[in-house]
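Colleague: Sharing a structure here in structure tokens format.
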Amino acid sequence: MDASRRLFIRNGVATVTLGLAAPEFLTAIAEAQGIPSRRLVVVYLGGGNDALNTLIPYQDGAYYSRRPSIAIPAGQVLQVGTDAAGRALGLHPRLGGLRSLFNEGRLALVQRTGYPNSSRSHFEAGDIWGTANPQSPTGSGWLGRYLDTLSRPVDALAAWNTTGDTPRALVSAQTGVPAIANASTYTYASPNRGSAALEERAAAQAMATNASASRPHLAFVNSANLAAIETLDRVALATSYAPTIAYPTSGFALALRTVAGAIARGIGSKVYWVQTGGYDTHAQQGAGAGSYGNLMGTLGDGLAAFYTDIRNQGLANDTTVIVFSEFGRRISENGSGGTDHGAAGLMMVLGGMVRGGLHGTAASLAPGNPTLENSSGDVHYETDFRCVYARALDQWLGVNSVPILNGDFRNGAPAIF
Amino acid sequence: MSQLDPDVDHLLRRAGFGAGPAEVEIFRDMSPAAAVAHLVDFEGRPDDVDDRIGRPDHARVSVRDLFSPDIDIEDARQRWLFRMIHTRRPLQEKMALFWHNYFATAYSKLAADSGETQAAKMLAHKPGTLRGPQGQIELFRQYALGNFRDLLLEVARDPATLVWLDGKSNTRARPQENFGREVMELFTVGVGHYTESDVYAAARVFTGWNLRGSDNYRQDEYGDLNAYQEFVFNADQHDTNPKTFSFPIYANGERTIPARSESAGLQDGIDLITALAVHPETARRLARKFWQFFVSEIHPPDPAFVESTATTYLQSGTRIGPVVYRLLSSSWFTDPSVLYARYSWPAEFVVRSIKEVGWQGLSLDKARSPLAGMGQLLFEPPNVGGWPIGAGWFSTSTMLARANFAATLVTTQKDNLAAAFQSEATTPQGLLAAMLDRVTPAPLDADPRRALESYLIAGGPWTGSATQVATRAAGLARLLVASSEYQLV
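Residue numbers (this note's numbering), protein chains in the order written: chain P, 950 to 1366; chain H, -3 to 485.
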């Protein structure tokens, strides 16, 4: 659910200004902006994660009656205790790695995150989480606005997007974010060799430096073109990284491995964006096994490998991971053994400085309960997702969240740090 | 620039895939109006392009043992690229690409559900040798400029859609909302013009719109290439209760689809699809999509264009042909400000660069992994909303994928380029001018033009030697195709 698409269509060309300085100078800027320092890794689960099968209210009878074929049996859940409302909860059986981190106090589970009048559209909901603006989900993203607070000129690798296109959250008025989907193909080929190839690359860089003020759309493509050429050499540094442990072979884990490489090599990016898809489980999602189980395995094994690697490198205390999805899913399963689009979801926060545990309270899934909405079809939100963003901005990245979020969401923020 | 009238060039970039040698021949002396008619009235010309696969003087395809584009997705991708390059009906292929993005359906989910062979067949089967319904892309070719209401109805019954949006398991006891939601959100009226209760009602409308396998079809067994799945209306799985919507379903303003017997229940879906197709918001939404696809992505849709186009659409009985014909003939389309005001889709970029640079000895399989890197693997849109078109195509890694494809393409044509440009390369300026007759980026400002001229003599003073021309013509072609200017169409 790429969130950027609508921006460009609705608002025309984003104005992106990139530092035009030479790469070695940019490294100096990156250092001046503080290496090593805290960084935020944002993980997006594309499609709308079925939060009720991630963190399972395994003593809620309505959970089982409303999900006859996809409920996780109580005996299979990985118990994580009871929340403040006394509701017993357990993680999906394929999240063993995350349960270990939970037991170590490094994983916070923020229940029932959402916002008023939850959108059930992938695209609108994705824009809402990206802009942090449910009323008017257009324009720049919350992480983009954070990046705009960094002192200028900003490092070309101030943020690092591991997907091919720019998610809404990273859309910025002043800061270009390179997309580095596969660091090993982040190279520049030529039909020629030797000096002719080098001259060609220099000419491409010179062409892309053209400001083309009268054609902002051309300037926009030039900015991507130039940022690509200017970041080639530093990205190559990260690809030579040898991790301390073996990562799973999923695309998600490989993206996290690239992030770990960038962190360990001191690239200095403040924000990393990682996403993994397949969460739009309308049909045949399975329970402990099956397609949803595979999603959980990919997620949990990837995150656990990443955290272990970072910790082995002594970098866990400078790294926080936030996991979110654009909405939760309906409480009752549908006729296809799946779940349709719902409302409140689950956020996860992971890191060496995170205050782990169960935050917020689970819904009670019996029809008529006030923790539900939409004729008891969906889970109603308890914690505004912007409160979690606010806490990450204020307490982790050390900036004032109020202007970035266009409002004060510091009250009611879960104590995740 | 190129050897054609600039307005015809513009038309071919938008309503086709640019001008290769064949188009230069056909359109050289044609007026823009005649060129529009030629593109729109494609039915009169033979659809013989597939027969030319494997012929000399055409791009090549790579085959493992037998070229099987009806049942192998990689071969289907090569066939489609071949068609875009060599078709005599460029607008038909362009519209097929438009509808593929509009009704975006991805191979991977179909393959996970029904196996790779059946998935490829559901998307790309061209009836002729194998049994079974035509693939989804053939539907888009058939209805390229056809009636939108009919196309929407065919899409609703299309096997690929029924797997992709889970309609195949939409039953009376447990209605499935996926198709019911997307048919309103993405295929017709758009967010803001339907309610959550409309989603529930739409799901119930399409209960029983399922699939059945042919006698030789077995779940999880794909040996029989003649096996297939097809649409079936399971009357006993249809919810016969009335369904009420927030918008009119019938011409008299009635908002409720009446209770019907099971056997008559198919009519519910036909009524809803017809109502959605003639909804004014659908007309406007299509108009905005056409503005972005044909006119401009840097100017917001002109409200007068939207209203005029929506009116044409509704007055012509939801036919797309008159809409596109009027659009391409309009002053909105030919306004100088919209020249090069679109961002080329990766498939457009790849096809146009091949048509302009050359294809001798080039296998279209070489475009497969680059297209994935550029963000547009055909038959694999990221989700039902389609690709992130417009500026969303461009990031550092997708730009590198374009630049690196340009290098791959030019490398295969290095000798041809050297031979073609030797006589005009007496000066670097002569080489640049000749190259710009063939490779057509948006106009170059003075600075990038100087950067190109400097590149041509960066290795030493110009001599025009065969070696120098071979090296610099290749480098120049690559720099032009990889330039930001070339990404605009």
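Ideal Cβ placement from N, Cα and C applies to all residues, glycine included.
Please list the terminal residues of the continuous beta strand (DSSP E) segment that includes residue 205 (chain H).
Modeller: Run containing residue 205 (chain H): 205 to 209, per the beta strand (DSSP E) assignment.
Colleague: Report yes if the CB atom of residue 1328 (chain P) is closer than 8 Å to the CB atom of residue 1296 (chain P), and no otherwise.
Modeller: Not a contact, by the Cβ cut-off of 8 Å.
Colleague: Thinking just about the alpha-carbon of each residue, which of P:1201, P:1339, P:1132, P:1063 is nearest to the one in residue 1185 (chain P)?
Modeller: The option with the nearest alpha carbon to residue 1185 (chain P) is P:1132.
Colleague: Please compile the residues from chain H whose C-beta is within a distance smaller than 8 Å of the C-beta of residue 1367 (chain P).
Modeller: Not covered by the structure: residue 1367 (chain P). The range shown for chain P is 950 to 1366.
Colleague: Does DSSP put residue 472 (chain H) in a helix, a strand or coil?
Modeller: Reduced to three states, the DSSP call for residue 472 (chain H) is helix.
Colleague: Can you tell me whether DSSP reads residue 983 (chain P) as helix, strand or coil?
Modeller: Legend: pLDDT at residue 983 (chain P) = 39, less than 50; position of this residue unreliable, no value from coordinates given.
Colleague: Straight-line CA distance for residue 99 (chain H) to residue 1076 (chain P)?
Modeller: If you take the alpha carbons of residue 99 (chain H) and residue 1076 (chain P), they lie about 21 Å apart.
Colleague: Would you mind reading off the limits of the beta strand (DSSP E) that contains residue 1297 (chain P)?
Modeller: Segment 1294 to 1300, the beta strand (DSSP E) holding residue 1297 (chain P).
Colleague: Any C-beta of chain H sitting closer than 8 Å to the C-beta of residue 1223 (chain P)?
Modeller: Output row for residue 1223 (chain P): interface = no.
Colleague: Measuring only between beta-carbons, confirm whether residue 352 (chain H) sits less than 8 Å from chain P.
Modeller: By this cut-off, residue 352 (chain H) is not an interface position.
Colleague: Which stretch, first to last residue, makes up the beta strand (DSSP E) that contains residue 1271 (chain P)?
Modeller: Taken as a continuous stretch (DSSP letters only), the beta strand (DSSP E) holding residue 1271 (chain P) covers 1268 to 1274.
Colleague: Comparing the C-beta of residue 410 (chain H) with each C-beta of chain P, is any distance below 8 Å?
Modeller: It does: the Cβ of residue 410 (chain H) has a partner Cβ on chain P nearer than 8 Å.
Colleague: With DSSP as the reference, label residue 1224 (chain P) as helix, strand or coil.
Modeller: Strand at residue 1224 (chain P).
Colleague: Any contact of the stretch 1014 to 1032 of chain P with the stretch 1230 to 1242 of chain P, i.e. 3+ C-beta pairs under 8 Å?
Modeller: They touch, by the three-pair rule.
Colleague: With distances taken Cα to Cα, identify the nearest neighbour of residue 429 (chain H) among H:473, H:246, H:369.
Modeller: The shortest Cα separation from residue 429 (chain H) among H:473, H:246, H:369 belongs to H:473.
Colleague: Using the rule of at least 16 other Cβ atoms within 10 Å of the residue's Cβ for burial, across every protein chain shown, is residue 246 (chain H) buried or exposed?
Modeller: Under this definition residue 246 (chain H) is an exposed residue.
Colleague: In whole angstroms, what is the alpha-carbon distance linking residue 85 (chain H) and residue 212 (chain H)?
Modeller: Cα to Cα, residue 85 (chain H) sits roughly 36 Å from residue 212 (chain H).
Colleague: Could you pull the start and end residues of the alpha helix (DSSP H) that residue 1256 (chain P) belongs to?
Modeller: Taken as a continuous stretch (DSSP letters only), the alpha helix (DSSP H) holding residue 1256 (chain P) covers 1239 to 1261.
Colleague: Run through DSSP, which three-state label would residue 239 (chain H) get?
Modeller: Strand at residue 239 (chain H).
Colleague: Need the endpoints of the beta strand (DSSP E) that residue 993 (chain P) sits in, please.
Modeller: 988 to 994 is the span of the beta strand (DSSP E), which, as asked, contains residue 993 (chain P).
Colleague: Given this structure, state the Cα-to-Cα distance separating residue 1247 (chain P) from residue 1000 (chain P), to the nearest angstrom.
Modeller: Going by the C-alpha atoms only, they are around 16 Å apart.
Colleague: Based on the DSSP output, what are the partners of residue 521 (chain H) in its beta bridges?
Modeller: Because chain H spans -3 through 485 in this model, residue 521 (chain H) falls outside it and cannot be assessed.
Colleague: Applying a beta-carbon distance threshold of less than 9 Å, which residues of chain P neighbour residue 190 (chain H)?
Modeller: What residue 190 (chain H) touches in chain P: nothing, since even the nearest Cβ is about 10 Å away.
Colleague: Considering only their Cβ atoms, is the gap separating residue 408 (chain H) from residue 369 (chain H) smaller than 8 Å?
Modeller: In this structure, residue 408 (chain H) does not lie closer than 8 Å to residue 369 (chain H) by Cβ.
Colleague: Since residue 316 (chain H) and residue 124 (chain H) should fall inside the 8 Å C-beta cutoff, what is the C-beta to C-beta distance between them, to a whole number of angstroms?
Modeller: Wrong, their Cβ atoms sit about 26 Å apart, outside the cutoff.
Colleague: Sorted by chain position, which residues of the same chain lie with C-beta nearer than 7 Å to residue 983 (chain P)'s C-beta, five sequence neighbours on each side aside?
Modeller: For residue 983 (chain P), the pLDDT reaches just 39, beneath the cut-off of 50, and the residue's location in the model is therefore unreliable, leaving the point undetermined.
Colleague: Nearest chain H C-beta to residue 1195 (chain P) closer than 8 Å, yes or no?
Modeller: No, because no Cβ of chain H sits closer than 8 Å to the Cβ of residue 1195 (chain P).
Colleague: From the beta carbon of residue 1135 (chain P), is the nearest beta carbon of chain H less than 8 Å away?
Modeller: It does: the Cβ of residue 1135 (chain P) has a partner Cβ on chain H nearer than 8 Å.
Colleague: Can you name, in chain order, every residue of its own chain whose Cβ lies under 8 Å from the Cβ of residue 1027 (chain P), other than the five neighbours on each side?
Modeller: Same-chain partners within the cutoff: 1039, 1040, 1041, 1042, 1044, 1045, 1048.
Colleague: Expressed to the nearest angstrom, what Euclidean distance is found between the alpha-carbon atoms of residue 1321 (chain P) and residue 224 (chain H)?
Modeller: Using only the alpha carbons, I get a separation of about 43 Å.
Colleague: So, under 8 Å CB-CB, residue 1141 (chain P) and residue 467 (chain H) are touching, yes? Tell me the CB distance rounded to an integer number of Å.
Modeller: About 5 Å separates the two Cβ atoms, so the contact holds.
Colleague: Specify, as a first and last residue, the run of the beta strand (DSSP E) that residue 1060 (chain P) falls within.
Modeller: That run of the beta strand (DSSP E) goes 1056 to 1063.
Colleague: Counting only beta-carbon separations shorter than 8 Å, does residue 123 (chain H) have a partner in chain P?
Modeller: Not one chain P Cβ lies under 8 Å of residue 123 (chain H).
Colleague: Considering only residues of the stretch 411 to 439 of chain H, which uninterrupted beta strand (DSSP E) runs meet the minimum length of 3 residues and lie entirely inside it, listed in chain order?
Modeller: Within the stretch 411 to 439 of chain H, no complete beta strand (DSSP E) run reaches 3 residues.
Colleague: Could you give the distance in angstroms between the alpha-carbon of residue 411 (chain H) and the alpha-carbon of residue 1155 (chain P)?
Modeller: Roughly 27 Å between the two C-alpha positions.
Colleague: Spatial neighbours of residue 1128 (chain P) within its chain, please: C-beta separation below 6 Å, excluding the five flanking residues on both sides.
Modeller: Here the set comprises 1110, 1113.
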